[in-house]
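Undergrad:
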Amino acid sequence: MSGKSVQLHTLNEDERFIVVLEALLKRASLVNSPFVLKGSLLTRQYLENPNVRYVDDIDFLYTGRIETEDQANEIFTDWMIRVTEMDLNDGIVFRSFRENAFWRRIDYAMADDFPTVNTELAFYIDSEPRSENVYEDDDELHLDISFNLDLNEKSVALSYQPLVGEAFVVPHTVPLSIQIAWKLHQTIVRPRFKDLYDLQHLLSNPSYDQQALKETLQTLVNECSMDPAITMTDMKKVLVDDLHDVYSRFNYDYDLQYYAGSRSPEVYFMEFVSELRQTMNHAGINNDAYEQLPNCSTHK
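For reference, each letter of the sequence shown is one residue, going 1170 to 1469 in my numbering.
#1: Is Ser-1130 helix, strand or coil when you go by DSSP?
#2: Any idea if Val-1436 is buried or exposed, counting beta-carbon neighbours within 10 angstroms, 16 or more meaning buried?
#3: Among residues of its own chain, excluding the 5 on either side of Glu-1309, which ones have a beta-carbon nearer than 7 Å to its beta-carbon?
#4: What does the alpha-carbon distance come out to for the pair Arg-1359 and Arg-1446?
#5: Val-1262 and Tyr-1293 - do their beta-carbons sit closer together than 7 Å?
#6: Helix, strand or coil: which one does DSSP assign to Thr-1253?
#7: Does the Cβ-Cβ distance between Arg-1222 and Leu-1216 come in under 7 Å?
#8: For Asp-1228, report the span of its beta strand (DSSP E) as first-last.
#9: Three Cβ pairs or more, each shorter than 8 Å: is that satisfied between the segment 1187-1203 and the segment 1328-1342?
#10: Could you tell me which residues DSSP pairs with Val-1224 in its beta bridges?
#11: If we ignore side chains and look at the alpha-carbon of each, how far apart do Ile-1429 and Gly-1208 end up?
#12: Using beta-carbon positions only, say whether Asp-1424 and Phe-1362 come within less than 7 Å of one another.
#13: Measuring straight from C-alpha to C-alpha, what distance separates Ala-1458 and Met-1401?
#14: What three-state label does DSSP hand Arg-1264 in the structure shown?
#15: Confirm, please, whether the CB-CB distance from Asp-1259 to Ala-1482 is below 7 Å.
#16: Take the Cβ of Tyr-1329 as the centre, count every other Cβ of all protein chains shown within 10 Å, and call the residue buried at 16 or more, exposed below.
#17: Using three-state DSSP, classify Ile-1187 as helix, strand or coil.
#18: My guess is that Asp-1391 and Asn-1321 are in contact by the Cβ rule of under 8 Å, so how many angstroms apart are they, rounded?
#19: Below 8 Å on the Cβ atoms is my contact criterion, and I expect Gln-1244 with Phe-1266 to pass it. Report the Cβ-Cβ distance as a whole number of Å.
Have a look at this one:
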C-alpha cells in the first residue's frame, strides 16, 4: 500500500509528522548505506503500544570512521542527496539536499568524544495546496547523525511497521541491548526522564533475554570506563538503588511535565521509578549484576 492510498489530512499533526519521518526512513533504508537507525523512531518499534512514545526527530549513527570535517561533509551530504531525491510515489516529496546542504556543528563536532551533527530537511505533501517552489518552515524534519562511536554489537536488521502502510526492512538498527545500555549510561551521567520512560518499556520487551543483558552490561562498563569522572558509586545509584534521588538532579524536564500531565511531577516521578526499579530488577539489572559487572573490553 502506498502512502497515496492514505488520506494524510485525516491524521493529526503528530501522526502526519511520523508518516513523513517514516517516508524518509524508508528511502534511507533503500539507499542502504552504513547508517544505523537509533533514537525514538527505533524505540517505538520495541513498544507494545508505540503511541505512548512521541517522536521529534530521526537519528542515525554512521559506522565508518570520520577523520576530518571535509570527509564528514562529503559522506553525509552525498548520502542525504541520494535519500531526498528518491521518489517512491508515496505522496511525500523532500527538497533535494543539494539545494540546501548544511550540517550544523560540523565545524567543531570533531573535538567531541561523541560527535553529532544535525540538519533540517524540507518536504511537502503533494495532495496539500502549496505555492510552487515554496517550502513552509513548519514542514521540516530534524535529522541527527552521530559518528566515531563504536557499537559493541553488530547492528541488526529490523522489520519496521510504519504508522501507515506495509512493513519494510531497515537494514541497520541499534540492537535492543545497546539501546538499553546507552539509556542507562545517560541516566548515570545526566538523567533525562525520557530515558527512564524508555527503559521501563524496553526492559519489558520479551526479546530482552540473558544474552541481551550480558551485552547491555558489557557496553555500559565500556561506556563508563571512558569517563574517569564516573565512579562505581555513580553506577550503583542507577543499577541498584531506588532511583528516587534522581529527581533532585532534574531542573525543568519537559518530558516529565508532559507525561505527568495534570499530576504533580514529583509524585508521578516517585511512583514511576518505583515501578521502573521493579522492572529493572526483574530484567536482571540489580545488585547481582552490579556485583558481577564485567571488566572493560575496550582499551583506548
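Ideal Cβ positions, reconstructed from N, Cα and C, are used throughout, including at glycine.
TA: Answer, in terms of the structure:
#1: Absent from the model: residue 1130. The displayed extent of the chain is 1170 to 1469, so no value can be given.
#2: Answer is exposed; the Cβ neighbour count stays below 16.
#3: Hits under 7 Å: Glu-1289, Leu-1290, Ala-1291.
#4: For Arg-1359 and Arg-1446, the gap between their C-alpha atoms comes out near 18 Å.
#5: In this structure, Tyr-1293 places its C-beta atom within 7 Å of the C-beta atom of Val-1262.
#6: Reduced to three states, the DSSP call for Thr-1253 is helix.
#7: Contact check for Arg-1222 against Leu-1216 passes: the beta carbons are separated by less than 7 Å.
#8: It spans 1227-1231 - the beta strand (DSSP E) in which Asp-1228 sits, taken as one unbroken run.
#9: Contact holds: three or more Cβ-Cβ distances are below 8 Å.
#10: Under the DSSP definition of a beta bridge, Val-1224 lacks any partner.
#11: Sequence check: residue 1429 is Ala here, not Ile. In a straight line, the C-alpha of Ala-1429 is about 22 Å away from that of Gly-1208.
#12: A contact, by the Cβ cut-off of 7 Å.
#13: Going from the Cα of Ala-1458 to the Cα of Met-1401 covers about 13 Å.
#14: Reduced to three states, the DSSP call for Arg-1264 is coil.
#15: Since the first residue shown for the chain is 1170 and the last is 1469, residue 1482 is missing from the structure and cannot be characterised.
#16: Tyr-1329 is buried by the Cβ-count criterion.
#17: Under the three-state reduction of DSSP, Ile-1187 is assigned to helix.
#18: Correcting the residue type first, residue 1391 is Asn in the shown sequence and not Asp. Taking C-beta atoms under 8 Å as the contact rule, Asn-1391 and Asn-1321 qualify, at a distance of about 6 Å.
#19: Sequence check: residue 1244 is Ile here, not Gln. About 13 Å separates the two Cβ atoms, so there is no contact after all.
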